[in-house]
Amino acid sequence: MQSAVQKILSTVSTASSRLVDALGMLALSATSNAQRQSYMSAQFDLHRKLPVFNTTFATVLNEKVAQELHPRTGSRPLAATDWASLSLVGDSEVEEQVTAHRLGLEIEHECEWELRELDAYIGSLLGIGRADPERNPIRPEILGKALFRAIEAVTTDTAVRKTLSSELGRSLAKAMRPCYSAIVSDFVAQGIQPVGLTVRAAPPAPAASVHGPLTAPGGLHPRAPASAPAADPNHAAQALSAMFGISVPAGLGSSGPGLLSGGFAPTSSFPNTGPGSAAAVAAPPTTASDAHMLEVIRRLAFLASSPGTLDAGSGWSSSASQALAGAGTNSSPGALGAPASGNGGLSGLMAVNLIRAHREELIRASSGALDHMVIDIVASLFDQILSDSKVPPQMARQIARLQLPVLRAALKDVQFFSSRSHPVRRFVNRMASIACAFEDFDEGPGKRFLELVRELVQQVVDGDFDQMSLYESKLRALENFVQEQTRDEAQAHAEAVELLAQKETQLRVQARHAELMQAVLQSVTLAPEFVRRFLLDTWTHAQVEATWRHGADSEIARRLRGVPRQLILSVLPKGTPAERKQFILALPGLMKTLNEGLALIHWPEERKKAFFGELLPCHAQSLKGQPLTDFEYRQLDTHLQALDRLVVPAAEDVPLAPPSATLAEQADTGFSAEEAAQVGLVEDAAINWDGNVDIDLEQLDSSSGELDINLDGLGPEMAPETPTRGAQLAQYVQAGVAYQMHVEGEWRKVRLNWVSPGRTFFIFSYGKKHQSIVSMTGRMLTKLCETGRFRAFEQAYLIERAVARTRKQLAALTSKA
540 MQSAVQKILS TVSTASSRLV DALGMLALSA TSNAQRQSYM SAQFDLHRKL PVFNTTFATV
600 LNEKVAQELH PRTGSRPLAA TDWASLSLVG DSEVEEQVTA HRLGLEIEHE CEWELRELDA
660 YIGSLLGIGR ADPERNPIRP EILGKALFRA IEAVTTDTAV RKTLSSELGR SLAKAMRPCY
720 SAIVSDFVAQ GIQPVGLTVR AAPPAPAASV HGPLTAPGGL HPRAPASAPA ADPNHAAQAL
780 SAMFGISVPA GLGSSGPGLL SGGFAPTSSF PNTGPGSAAA VAAPPTTASD AHMLEVIRRL
840 AFLASSPGTL DAGSGWSSSA SQALAGAGTN SSPGALGAPA SGNGGLSGLM AVNLIRAHRE
900 ELIRASSGAL DHMVIDIVAS LFDQILSDSK VPPQMARQIA RLQLPVLRAA LKDVQFFSSR
960 SHPVRRFVNR MASIACAFED FDEGPGKRFL ELVRELVQQV VDGDFDQMSL YESKLRALEN
1020 FVQEQTRDEA QAHAEAVELL AQKETQLRVQ ARHAELMQAV LQSVTLAPEF VRRFLLDTWT
1080 HAQVEATWRH GADSEIARRL RGVPRQLILS VLPKGTPAER KQFILALPGL MKTLNEGLAL
1140 IHWPEERKKA FFGELLPCHA QSLKGQPLTD FEYRQLDTHL QALDRLVVPA AEDVPLAPPS
1200 ATLAEQADTG FSAEEAAQVG LVEDAAINWD GNVDIDLEQL DSSSGELDIN LDGLGPEMAP
1260 ETPTRGAQLA QYVQAGVAYQ MHVEGEWRKV RLNWVSPGRT FFIFSYGKKH QSIVSMTGRM
1320 LTKLCETGRF RAFEQAYLIE RAVARTRKQL AALTSKA
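Heads up: the sequence shown begins at 540 in our numbering, then just goes up one per residue.
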């Protein structure tokens, strides 16, 4: 267990170090001063007290784990309690409980499958004989409590604590998945065997079942012990009924249990003696029915691999003639056949619905009305999947080959319907999402991706698709393809990538240089605020540009280095004729150097006029003001000497993430006209921000049912995992994914090809045969997201869209019955 704790400590230490850098990037893309200040304060406090954070987390975690491994056995003797000894729970205690619970849930939702496997090994290691999530000493709940105490040690500011807990919870949730997997691998290497899946004996009852535990209707428990008491089929049917808005099939209580269980290992089931028979209730649990269903599914999946089997047919299958409206009254148990019309926008399937085509055989192989219900729900899902206009036909035919493995997953694990992190769902969704980004599957990367998917699907069909590790491995293969494709595209646009990477490095160097200059200027209180802002935001950019182009020892770099002293002295009062004469003689040289430096960074003309419009009156006023005392001048000269000694730092001395957000308010990045044209830079002036988007996508989506899907009624597990629109989308865009962008007065489907290491620049491509590229800064991307001119191509993943449409369609048919 000590080894497992050390892995967690290492993971948290790495995640917190990376968060220090990530907070700087978040500050750069902040949309308000308050949000920017919150990120900067959180970055400063965490960076300053990072050792304290790690030490506190390690101490608290070790204490909590020790308490879990050696719980107190003694109890306080029962005695009369004085009312004076009672008190209300303090606000700080409530805050700790709520924050720690939220942090734990965030980690638990991301690591659901890893925790299930880990619980089985912990049950064996502790000798409790079962996989009990509540007895796991390194469960997310314990980590959440330790994280709260560590954040508490970093700062006393409530707002900063909130920011740190939010960002740290998000980053650590993703980092804990490989950590938990590594812990399980260590247990395996040490020869520890996981506890087996067992079923507790339940009191005899006609509705006894081996179904996995369910919560109240409408929700499914995300993690439950493998040995938890089984729920009856009525309970499971009510959960599915509430989720899809359909009636519970008649006669369910008297039929035998189905194959719907809480795990992927073979489970007990009654013999296949026919739905509703007495023998199905009285017979002892066996695995015969489960094995028979698996054999039927494998045989049908193999036959579906034959050429031409999945070619789309016309209309609906004749085996699906039973109407849903009678599912809960007069129809046979579980019959939820698809309608012959009124399909809510289905214009035809891109491949045969194999579950509908072989429904009767599947129904015969199943062992209860609950199985029948699941079969028909999955068939309805594939009606929607195979008619989804966002899925290319070539990809739809490959997904169609997974119909029977998906059906098997749904029959074996109820989490398929409720958890978006289910491996089968993630695999299908990821295939569809990547395919949306390709315009051509006849050649190029689209063809290579289609060939990869065809091979992966065949391996699933031929393999043991009861094992979730099979889907996890195929999902990793898809991610590897995306990474390889991103590298290939970076090489194809090598010049643009090199230029943008260089610009990002310059911005990081400028941010660091501005931070150093700001530390010196804090002591120069006599300089006007607009001069200080100019030196920090603009002149540091000019100094970096001159150093990169001509070298740190060049003549122009030395002249630009002396401008801060000259500019500050130029606006201070001159008390003697000699000082005024010296100022008049030096002013032309100062103005020349200023213009030369601003030309290097292509500073906009209107901003230059505004700056000089403030500077010239200050120069005129300096000739009339009260001169500085000798003490004030000597003090000022000391600070100006420190300013003279500032040099532009080398790129290798600057961390990946900028240390401050001083560049967040800069709209320009110093691109020349030629450089902007080379990378297809989207500039602020090229977009009519005051105009309305010419096409209202929300109205289009609601009418066609293709783009926007209302998932509000399906619970948080069905909500999009990442934002699909709005300012937050800019933080979640991924290479290899399709998006919609409104530029040059029209909507375009674009594919994100490359993201700079610091997420400062982005390159998109569009077009089929002849592709063009556009690039933009992170600031521009955020602004497009805020104004509704950039959004995800998929407003929800494929299966989530299918669930929403199926629910809407089936509920409508039920109401008509």
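From the three backbone atoms N, C-alpha and C, an ideal C-beta is built for every residue, glycine too.
Can you tell me whether residue i is buried or exposed? The criterion is at least 16 other CB atoms within 10 Å of its CB, across all chains shown.
i: Y1172; result: exposed
i: N572; result: exposed
i: D927; result: buried
i: A935; result: buried
i: F1300; result: buried
i: F956; result: buried
i: P1197; result: Any reading at P1197 must be qualified, since the residue scores a pLDDT of 43, below 50, and its modelled position is unreliable; the value itself is stated next. Per the 10 Å Cβ criterion, buried.
i: K1131; result: exposed
i: A728; result: exposed
i: A890; result: buried
i: W652; result: buried
i: S919; result: buried
Under three-state DSSP, which class holds residue i?
i: V945; result: helix
i: K701; result: helix
i: H1309; result: coil
i: L1291; result: strand
i: F1303; result: strand
i: D1235; result: Summary for D1235: the model assigns pLDDT 47, below 50, so the residue's position carries little reliability, and this model does not support an answer.
i: T1168; result: coil
i: T1132; result: helix
i: Y578; result: helix
i: L1220; result: strand
i: S958; result: coil
i: G751; result: Residue confidence for G751 is low, a pLDDT of 37 falling below 50, so the modelled location carries little weight and cannot support an answer.
i: M832; result: helix
i: E1285; result: strand
i: S1093; result: coil
i: Q1024; result: helix
i: Q1279; result: strand
i: E783; result: One point to set straight first is that residue 783 is Phe, not Glu, in the sequence displayed. Of the three classes helix, strand and coil, the one that applies to F783 here is helix, per DSSP.
i: M1315; result: strand
Check the C-beta distance from residue i over to residue j and give it rounded, since I have them as a contact under 8 Å.
i: E1339; j: R898; result: About 24 Å; that fails the 8 Å criterion.
i: T1321; j: T570; result: 6 Å
i: I661; j: R674; result: 7 Å
i: T1077; j: W1142; result: 7 Å
i: V1059; j: A1181; result: 5 Å
i: L888; j: L943; result: L888 to L943, Cβ: 16 Å. No contact.
Which residues in the same chain have their Cβ closer than 7 Å to the Cβ of residue i, if we skip the five residues on either side of it in sequence?
i: A976; result: G1275, V1276, A1277, R1290
i: C718; result: K546, I547, T550
i: A1190; result: T1044, V1048
i: A1081; result: L1099, G1136, L1137, L1139, I1140
In its own chain, which residues sit with a C-beta less than 8 Å from the C-beta of residue i, not counting the 5 before and 5 after it?
i: G757; result: With a pLDDT of 37 at G757, under the threshold of 50, the predicted position of this residue should be treated as unreliable, and no value is reported.
i: T553; result: A714
What residue from the options has the CA that sits closest to residue i's CA?
i: R575; options: F841, R1051, A698; result: A698
i: L711; options: G730, G662, E649; result: E649
i: Q1049; options: A1016, A1085, T594; result: A1085
i: A566; options: F583, T553, S556; result: F583
i: V945; options: K929, F921, K588; result: F921
i: Q1273; options: E1283, S1295, G1284, E1285; result: S1295
i: S972; options: V891, A1335, Q541; result: A1335
i: I916; options: Q998, G1284, V559, R947; result: R947
i: A659; options: I722, G907, G643; result: I722
i: H1359; options: I1123, E691, V1193; result: In the structure as shown, the chain starts at 540 and stops at 1356, and residue 1359 therefore has no counterpart that could be examined.
i: A677; options: L1124, F596, G1284, G1101; result: According to the sequence provided, residue 677 is Ile. The question's Ala does not apply to it. The candidate whose alpha carbon is nearest that of I677 is F596.
i: A543; options: V953, P590, L600; result: L600
i: I1140; options: A1225, L1154, K1042; result: K1042
i: L991; options: S919, C1324, Q937; result: Q937
i: S1012; options: E1028, G1164, D1092, R965; result: R965
Quick one: residues in its chain with C-beta nearer than 6 Å to the C-beta of residue i, no 5 flanking neighbours on either side, listed in chain order?
i: R1287; result: M1280, Y1305
i: A904; result: H831, M832, V835
i: R1098; result: T1132
i: P733; result: A659, Y660, S663
i: G1101; result: none
Are the C-beta atoms of residue i and some chain B residue less than 8 Å apart?
i: E1171; result: The chain labelled as chain B is not found in the depicted structure, where only one protein chain is given.
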